[in-house]
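Worksheet for the structure shown next.
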Amino acid sequence: MNAFEELFTHFPNFRIIVCRDCKFAVVPDQIKAHLNQNHQTLTASTRKNIVEQVGRLDHVAYRTEDVIYPVAVQDAVRELGPVIEQCFECKECGLLRESRKGIEAHCRKEHNWSSTKSRGGRGSFRSQAARNQPFTEGHYCQRFFKYAQWTKLFKVLQAVPHVQSSHHDFEADTRAQKLADGATDELKSKLQELHRQREVGVSDVRSAMDPWLDHTGWASHLSGFEKEKLRASLNAAPQREADEEGRQVVNEEENAIETACRATGSAIKKAMDISNPYTIPRAALHYVNRKETGAENNETPFYNKHKASTLKKYARVWGSLLRYLWRSQTWEKKPAYQLTTGQKAKLETVQRLARQPISNLRSSEKSDARGKLEWAVVLFWASMLDQELLDNEFESGFLSAVAVLGLDTDDAGWVKVFNFTPKLAAIVTITRALVIWMAYKQRQDHIHQLTEEEGMGEVEAKKRAVSVVEGVHTMVPRLICLQEYGGVASPMDRILHMKTYGMRIRFTEKAAARVTWMNRCQEVCIDRVSFSMGDLRDAMHGLQERCQDRLVKQVMFLQREEELPILRLERLFDNPSDLTEGWSFLDDERNEETLGQIRRADGKDVDSRKWLWSRLMREDHLVKRFLLNDDMAKVEDWTGLQWNLTQVENYFSQRH
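Letter 429 of the sequence shown, counting from 1, is numbered 430 in the numbering used here, and no numbers are missing.
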């Protein structure tokens, strides 16, 4: 048997040549193009021999009118694959169509038919046929050609009967399914590993247009770093398991980090408690909460009556920032921020105090040690905020930590602006409270110095000591004042602008175009483009048909839609609000029942996620295209598969 006979079947009675793999007839003049496009595994000489042999054949139609179609309804042609069921036939001219819409359009255009059934109604009413329906339905059909100029349906008696599988076929199908299971499981495992090790990319967002990420610049700053490592640096280290002797393994450095985080939480609570109008002058509370510091107006004093749950959330944000800054100091490769000499000294002080064991100290000594650590934490944060930004804003360690905080999600994707503005609010609020506490402590220390060291009376010392208002006036321009009001280009200036921009997106984002109605509400006008609802409907139907044709033929390697497995799309759920990186409706747990098992064209139920894989392992034309194995019967498991990497790359590059 030569190459032509292996691949094609010649039907002299119909004057056609049918490709056995593709299951449709090929126009003789297009044999060469068909081989080049669908049978690339054949050598050039083999393709040339096939073309020459076709040219020598008799009883082959080179024109559409030369094709001989069955006059009477007969059995289906097995070489053409499964028949097309539920087709429609025009009563007047006998034209056949696959869809109800197609036959109705034909009857309206060619025979001036108009349905007597009104539009709309309930589902049961819509499914009823019109009384003057000019076509019949429920016919079995096939077609020889897929080319638009040659395609024509003809009726057959019934579907191609399924031949009972032999023992050999059963073994081949079982082996193919085993290979598909092994390959898909291994692929899933590798994808999960790559997902854990993935790095931040500049355009690594689900939406191509994300003004929020463009505004923050986070992706550019963190590009090239492993997302999972960055995200893990924000969280408390997991507790280690006990050793073989049952002793708890303790990581002293992680214990010190958590001690510093608890001190940060305690400092935040003390700062908020002190920032009340009974302890702090209202002038100071007003000054720290003005437009100059990002507030909406100048009339509302600083508010400190937050709930305990809110303060815990605020403390978690600041604890995450501290963990990142502490841990990243030991990384061989870290984001391009640089701590100043003063910031390094303050961080080293925090680390030294946090590492000191206090379990053996007396109660008063423990309290004193905790107080020193809390104040060291406050001074460290003050030094991080008291930094003028020069060429690159991400030279600031504080802003670098905020960028990593933007990755703080379950899968290390970017936090949506709607969820991140509360974290910025936590940073701004606590910074104001820390400024008030530092001004308050500055006054208390000055009073103590005047009374203890200079022997001054308490009343006189309070008069001469620097006031809280003066302290706030001194610190605000350096730490939390916007540039437009005389402040420096500081980390807090950048954060205040980020917060303002994020709130604007959150509450006042506008649509990109303006929509109006024209011609008595018969046309929609968007900017300078106008169209009717009928135009839109036709465009959507055309797009749907082209996409479905491409899906069936180029992605699924089928020749007709009817060969697709039966899948109840109307039962699928989607969650458009979930913008988590890598998420799709396939991950929605509500779809598990629908996607679990689907029915193949041969009537067998298979796992939907392995349907194409199982075909790849058992259909000859797919095996020849994507695998280099000569005999699939000798392949015992997925490790024995030899992939044609060129064809695999071509498939994904063309369908991406």
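Where is the CB? At the ideal position from N, CA and C, for every residue including glycine. Predicted, not measured: the structure shown is a model, and the values here were computed from it.
From the DSSP output, read off the bridge partner residues of residue i.
i, result
"L623", "Note: L623 sits in no beta bridge, so no partner."
"M519", "E524"
"R98", "F89"
"I69", "Note: I69 sits in no beta bridge, so no partner."
"W644", "L628"
"I18", "H11"
"S115", "Note: S115 sits in no beta bridge, so no partner."
"H140", "C88"
"A26", "V19, F146"
"Q75", "V157"
"S531", "C526"
Between the alpha carbons of residue i and residue j, how many angstroms are there, rounded?
i, j, result
"S166", "H140", "The predicted position of S166 is uncertain, since its pLDDT is 45 and thus under 50; a value taken from the coordinates is nonetheless stated next. In a straight line, the C-alpha of S166 is about 27 angstroms away from that of H140."
"N420", "L408", "12 angstroms"
"F126", "S116", "Interpretation of F126 is limited by its pLDDT of 43, a score under 50 that renders its predicted location unreliable; the figure taken from the coordinates is listed afterwards. Rounded to the nearest angstrom, the two C-alpha atoms are 14 angstroms apart."
"D606", "C88", "25 angstroms"
"Y652", "A261", "53 angstroms"
"K313", "G266", "7 angstroms"
"E80", "L195", "44 angstroms"
"D205", "I599", "For D205, the predicted model reports a pLDDT of 48, less than 50, meaning its position is unreliable and no value from the coordinates is stated."
"E459", "I275", "21 angstroms"
"W438", "M504", "28 angstroms"
"L322", "L235", "7 angstroms"
"Q330", "L483", "30 angstroms"
"P358", "D369", "13 angstroms"
"H168", "T175", "Because H168 sits at a pLDDT of 48, beneath the cut-off of 50, its placement in the model cannot be relied upon, and the following sentence gives the value as read from the coordinates. Computed Cα separation, rounded: 11 angstroms."
"E564", "K24", "11 angstroms"
"D638", "G183", "7 angstroms"
"T517", "L617", "51 angstroms"
"A209", "R328", "For A209, the pLDDT reaches just 41, beneath the cut-off of 50, and the residue's location in the model is therefore unreliable, leaving the point undetermined."
"V289", "G218", "28 angstroms"
"N3", "R109", "50 angstroms"
"N256", "K345", "20 angstroms"
"L559", "A634", "24 angstroms"
"K373", "L354", "8 angstroms"
"M541", "Q193", "36 angstroms"
Taking the alpha carbon of residue i as the reference point, which residue from the options has its own alpha carbon closest?
i, options, result
"G398", "K335, N299, Y315", "K335"
"P13", "L188, A26, E461, L192", "A26"
"R48", "E7, Y441, E293, R505", "E7"
"S224", "G320, S329, V405, I51", "V405"
"M659", "S615, F508, D539", "Lying outside 2 to 657, the shown extent of the chain, residue 659 is not represented and no answer is given."
"A268", "Q352, A434, E349", "A434"
"K189", "G641, I431, P492, K611", "K611"
"K147", "T65, D536, D392", "T65"
"E99", "Q143, D369, K417, R132", "Q143"
"D392", "E187, A490, V318, R371", "A490"
"F155", "R232, P71, Q193", "P71"
"P83", "I104, S46, V157, Q555", "V157"
"A316", "A131, L425, A149, D387", "L425"
"F15", "A34, E53, I51, I69", "I69"
"E105", "E461, R465, A131", "A131"
"G295", "V477, G543, H107, E111", "V477"
"R291", "I481, V624, S531", "I481"
"K92", "K308, Q134, A77", "Q134"
"E53", "L36, R495, T185", "L36"
"M534", "D528, R547, N520", "N520"
"T430", "D621, N361, N305", "N305"
"W415", "W584, A173, D589", "W584"
Leaving out five residues before and five after residue i in sequence, what residues of the same chain have Cβ atoms less than 6 angstroms from its Cβ?
i, result
"L629", "Q643, N645"
"S401", "P336, Y338, F395"
"F145", "I17, A26"
"H216", "Y502"
Give every residue of the same chain whose Cβ lies closer than 8 angstroms to the Cβ of residue i, excluding the five residues on either side of it in the sequence, and list them in chain order.
i, result
"F586", "L573, F574, D575, N576, N592"
"I18", "F9, T10, H11, F12, A26, V27, P29, I32, V55, L58, V61"
"K442", "W376"
"L74", "A small fix is needed here, since residue 74 is Val in this sequence, not Leu. Same-chain partners within the cutoff: K156, V157, L158."
Please return the same chain residues whose Cβ sits closer than 7 angstroms to the Cβ of residue i, not counting the five positions on each side in sequence.
i, result
"C522", "none"
"Y325", "S234, L235, A402, V405"
Return yes when the C-beta of residue i is under 7 angstroms from any heavy atom of the ligand SAM, and no when it is not.
i, result
"K635", "Absence of the ligand SAM is noted for the structure shown, with no ligands found whatsoever."
I'd like to know if residue i contacts chain C, where contact means its C-beta is closer than 8 angstroms to some C-beta of that chain.
i, result
"I431", "Judged by its chain identifiers, the structure shown contains no chain C, having just a single protein chain."
Exercise. Which parts of the segment 363-399 are runs of the beta strand (DSSP E), unbroken and 3 residues or longer, counting only runs that do not cross its ends?
Worked result: Here no run is fully enclosed.
Exercise. Taking only runs of the alpha helix (DSSP H) that begin and end inside the segment 467-514, which ones reach a length of at least 4 residues, in chain order?
Worked result: Correct list: 469-480, 492-509.
Exercise. Which runs of the alpha helix (DSSP H), 4 residues or longer, sit entirely within the segment 29-59?
Worked result: List check, alpha helix (DSSP H) in window: 32-39, 45-56.
Exercise. What are the complete beta strand (DSSP E) segments, minimum 3 residues, inside the segment 545-611?
Worked result: Listed in chain order, they are 598-600, 606-608.
Problem set entry | Runs of alpha helix (DSSP H) wholly within the segment 254-305 (minimum 4 residues, chain order) | Complete alpha helix (DSSP H) runs here, min 4: 283-288.
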